[in-house]
Structure formats: structure tokens, C-alpha cells
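Chemist:
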Amino acid sequence: MNVYRPEGMLIDTPSNKQSLRSLDTLREAMETEKILEARAVVCDGGHNLIIDLGCCRGIIPRTQAALGIEDGSMRDIAIISRVNKPVCFAVTGFGETPDGAVAMLSRSKVQELCRKEYLDKLKPGDIIPACVTHLESFGCFVDIGCGITSLIPIDAISVSRISHPRDRFKTGQSLLTVVKSISEDGRITLSHKELLGSWEENAALFSPGETVAGIVRSVEKYGVFIELTPNLAGLAEYKEGVYPGQQASVYIKNLLPEKMKVKLIIVDAFDADYYPEQPSYHITSGRINRWRYSPASCSRIVETVFETDGVQ
14 MNVYRPEGML IDTPSNKQSL RSLDTLREAM ETEKILEARA VVCDGGHNLI
64 IDLGCCRGII PRTQAALGIE DGSMRDIAII SRVNKPVCFA VTGFGETPDG
114 AVAMLSRSKV QELCRKEYLD KLKPGDIIPA CVTHLESFGC FVDIGCGITS
164 LIPIDAISVS RISHPRDRFK TGQSLLTVVK SISEDGRITL SHKELLGSWE
214 ENAALFSPGE TVAGIVRSVE KYGVFIELTP NLAGLAEYKE GVYPGQQASV
264 YIKNLLPEKM KVKLIIVDAF DADYYPEQPS YHITSGRINR WRYSPASCSR
314 IVETVFETDG VQ
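As C-alpha cells, then:
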């Protein structure tokens, strides 16, 4: 049975490499409708993708390169942007050219199977793997299976506010996500913050009296918000010369679960380029029906409820 994952996750597996060894193993893969991956090396003038299979050349015709190309709902940039990257496909036939054998491939066939057998069966609250494809100011686009993309809106990336998704992610990064909502036309929107732990789970990593690392996320007249973890930020008194994006060392004055607050003192703030760390997940599989961020002792309730018609 095929397992539908973001493109790039199959290419180096022993099973995939075995199927690309020869024309005979490619024929076996065609007979079993096995999903394979290889690198696209050229997009020709007709927007057909040329695939390096190792044992021979493969061709994905333009209309088979992505769902929506044939009916015009998908632009050709979806094909061009795959050059020099892994693409998934099914072998549909073979032909001969003056340069030797060529395998005919279809990516859209695999995407159609992925949607029918995997994505159409998802429900809000389901936890699924994803891979970052590109970042925009409003959110992070990710591959959720066979090159089919979905969006994590910027406000769903973490509880701690960020100015741009690049503050958290980079292209090609593997993530875990949770299905936030599914529209009537099957479009899936994702969330991420629910997997990063509650206020109490994050606050348990720190103690009053410690001096710890943080990132300046916003500067207001009444204070400076410092992120300690993606799902935990605290407030320090205003300090001249501090601005968003700086790294900081901060002293923890107090942790107040009943008010869901962390009181900080800025020891130092400075410029430094540190790569975003891989997320530390508190939930890694299954399905979430309800997630509460706020502590039980806090009168303010911050939670996500996953329903069949989306998040409330």
C-alpha cells in the first residue's frame, strides 16, 4: 500500500532506489502502481518535465505534471519550480527514442490518488507531516503529500507572535502540523501552535531566578515582549535601544500561572543571526479534539476546539 508523504521523503529510501535500478524494476513498479521519486533535471520549452531515473530518462508530460494544469486551475509555475528537486510519479508506460528507452511518467496521477486515499479522509484535529515549500508574510506554505500544498497562517504558527514565518521556519524544513479546517471544496488549512505545548508545559522549563536566552518580539510603550519558547513569551520593562529581532539575555523575576504571565528583566539585548531551531513537539501523532493553552488556575481561557466545520 502506498504511503503519501511530502515530496523528497521517498527519494533516498532503499525501496525507491531498488525500483530505479533498471527497466525491469521500473516495469515492476508500473504493474504494482508504486509511487516513486527522482530528481527533475529539465523543464523543456513545452513545460514537460525531464526526470533523471538513473537507468534511463523519464518524461512527465505537461498535463501530467500537476493536478489542475489540464483544466487551467493551476499555473505552469507549479511545473517550472520543480526543476532540480525531487518529484513523485507513477510509471505509465515506455517508449523508444534515438537516445534509448524512455519511461513515461505521471505526477498528477499520484496526486489524484493522494487526495482520494489520504487527504480526503482527513478531519480537523488530525496530526500530519509536512514540508515547507515557501514563506510569505501571511503564512507558511507546506507540502502535505505528493506536492499538494496547504497553508499555515502566520497566527497559527505559534502562540508567541512573529513578524514573518521566516522567524520560525526555512524552506525544505520538515514539520508536524494539525489540520485546522477543511473547506467545502476540500482545501485544507493547517495549524502548528497546538503541538508546541501549553503555557504550563512551556513555563515548566524555567524557574524564577534564572537568566535565560530570549528573542525580542515587540517593543511597546509599556514594555518589551521577549519570547522564551515559541509558545511562551514574557514582559520586561521598557529599555532604550531595544528593538524587535534582537537576541536577549533575560532574568526571570516571576512566573504567574493564574495570570498567564512571565515577568522579566532584560540583562542584555544584541544583534545576532541564529538559525531557527527545529520545533520541540509535545504532541506528535493521532488526533486532537480540544487543546487548552491557558492554565486551569487562570480565569482567561485560551483554547482551540477542533470540529468538523473548522476551529472555533
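The opening position of the sequence shown corresponds to residue 14 in the numbering used here, with each subsequent residue numbered one higher.
Heads up, the beta-carbon is just placed ideally off N, CA and C, and yes, glycines get one too.
#1: Taking the beta strand (DSSP E) that methionine 117 falls in, what are its first and last residues?
#2: In the DSSP assignment, find the alpha helix (DSSP H) that holds aspartate 373 and state where it starts and stops.
#3: Straight-line CA distance for serine 176 to arginine 230?
#4: Rounded C-beta distance between glycine 222 and isoleucine 265? I'm assuming under 8 Å.
#5: Enumerate in chain order the residues of its own chain whose CB-to-CB distance from cysteine 69 is below 7 Å, with the five nearest sequence positions on each side excluded.
#6: Consider the Cβ of glutamate 320: report whether some Cβ of chain B lies at a distance smaller than 9 Å.
#7: Evaluate the contact criterion for the stretch 135-143 versus the stretch 191-205: three or more CB pairs, one atom per stretch, below 8 Å.
#8: So, does the stretch 38-54 touch the stretch 160-180, judging by three or more C-beta pairs under 8 Å?
#9: When you compare only the Cα positions, how much space is there between valine 324 and alanine 226?
#10: DSSP three-state call for proline 18: helix, strand or coil?
#11: Where are the alpha helix (DSSP H) runs, 4 residues long or more, that stay fully inside the stretch 199-237, in chain order?
#12: What residue does the beta strand (DSSP E) around proline 27 start on, and which one ends it?
#13: Comparing C-alpha positions only, which one of Cys144, Ala282, Ile24 and Asn15 sits nearest to leucine 203?
#14: Counting pairs of Cβ atoms below 8 Å between the stretch 247-266 and the stretch 289-299, do you hit three or more?
#15: In the DSSP assignment, find the unbroken beta strand (DSSP E) run with serine 303 in it and report its ends.
#16: Give the DSSP-derived three-state secondary structure of threonine 76 in the structure shown.
#17: Starting from glutamate 41 and walking both ways along the alpha helix (DSSP H), at which residues does that stretch end?
#18: So, is asparagine 97 buried or exposed, given that buried needs 16 or more other C-beta atoms within 10 angstroms?
#19: Apart from the five residues just before and just after isoleucine 195, which ones in its own chain have a Cβ nearer than 6 Å to its Cβ?
#20: Measure from the alpha carbon of alanine 261 to the alpha carbon of each residue in Lys274, Gly247, Glu271 and Pro270, then state which is nearest.
Modeler: Looking at the coordinates:
#1: Along the sequence shown, read from residue 1 onward, the residue named residue 117 stands at position 104. Taken as a continuous stretch (DSSP letters only), the beta strand (DSSP E) holding methionine 117 covers 113-119.
#2: The displayed coordinates of the chain run from 14 to 325. Any statement about residue 373 would go beyond what the structure contains.
#3: What you label residue 176 is simply residue 163 of the sequence shown in a count that begins at 1. What you label residue 230 is simply residue 217 of the sequence shown in a count that begins at 1. Between serine 176 and arginine 230, the alpha-carbon positions lie close to 8 Å from each other.
#4: Here residue 222 refers to the residue found at position 209 of the sequence shown. Here residue 265 refers to the residue found at position 252 of the sequence shown. Taking the Cβ atoms as the reference, glycine 222 lies roughly 7 Å from isoleucine 265, within the contact range of under 8 Å.
#5: Numbered from 1 along the sequence shown, position 56 holds the residue referred to as residue 69. Closer than 7 Å at Cβ, skipping near neighbours: Leu36, Gly113, Ala114, Val115 and Ala116.
#6: In the displayed structure, chain B is absent; only one protein chain is listed.
#7: Output reads yes: the stretch 191-205 touches the stretch 135-143.
#8: Three or more beta-carbon pairs separated by less than 8 Å are not found between the stretch 38-54 and the stretch 160-180, which leaves the two stretches without contact.
#9: On the sequence shown, residue 324 is found 311 positions in, with the first residue counted as 1. On the sequence shown, residue 226 is found 213 positions in, with the first residue counted as 1. Low local confidence applies: a pLDDT of 38 at valine 324 is under 50, so the model's placement there is unreliable, and no value is given.
#10: On the sequence shown, position 5 is the one that residue 18 refers to. Before going on, a small fix: residue 18 reads as arginine here, not proline. Arginine 18 falls in the coil class under three-state DSSP.
#11: Within the stretch 199-237, the complete alpha helix (DSSP H) runs of at least 4 residues are 212-216.
#12: On the sequence shown, position 14 is the one that residue 27 refers to. Segment 27-32 is the alpha helix (DSSP H) holding proline 27; no beta strand (DSSP E) there.
#13: As a working mapping, residue 203 is identified with position 190 in the sequence shown. Residue Cys144 is the option with its Cα nearest to leucine 203.
#14: Between the stretch 247-266 and the stretch 289-299, the count of Cβ pairs shorter than 8 Å is below three; the stretches do not touch.
#15: On the sequence shown, position 290 is the one that residue 303 refers to. In the sequence as displayed, the identity of residue 303 is arginine instead of serine. Counting along the chain, arginine 303 sits inside the beta strand (DSSP E) bounded by residues 303-305.
#16: On the sequence shown, residue 76 is found 63 positions in, with the first residue counted as 1. Helix, per DSSP.
#17: The residue given as residue 41 occupies position 28 in the sequence shown. For glutamate 41, the enclosing alpha helix (DSSP H) has its first and last residue at 36-44.
#18: As a position in the sequence shown, residue 97 is number 84, starting the count at 1. With fewer than 16 Cβ atoms within 10 Å of its Cβ, asparagine 97 is classed as exposed.
#19: Locating residue 195 in the sequence shown gives position 182, counting from the first residue. Excluding sequence positions up to five before and after isoleucine 195, its CB lies within less than 6 Å of the CB of Ile201, all in the same chain and listed in chain order.
#20: Counted from its first residue, the sequence shown places residue 261 at position 248. If we check each option's Cα against that of alanine 261, Gly247 comes out closest.
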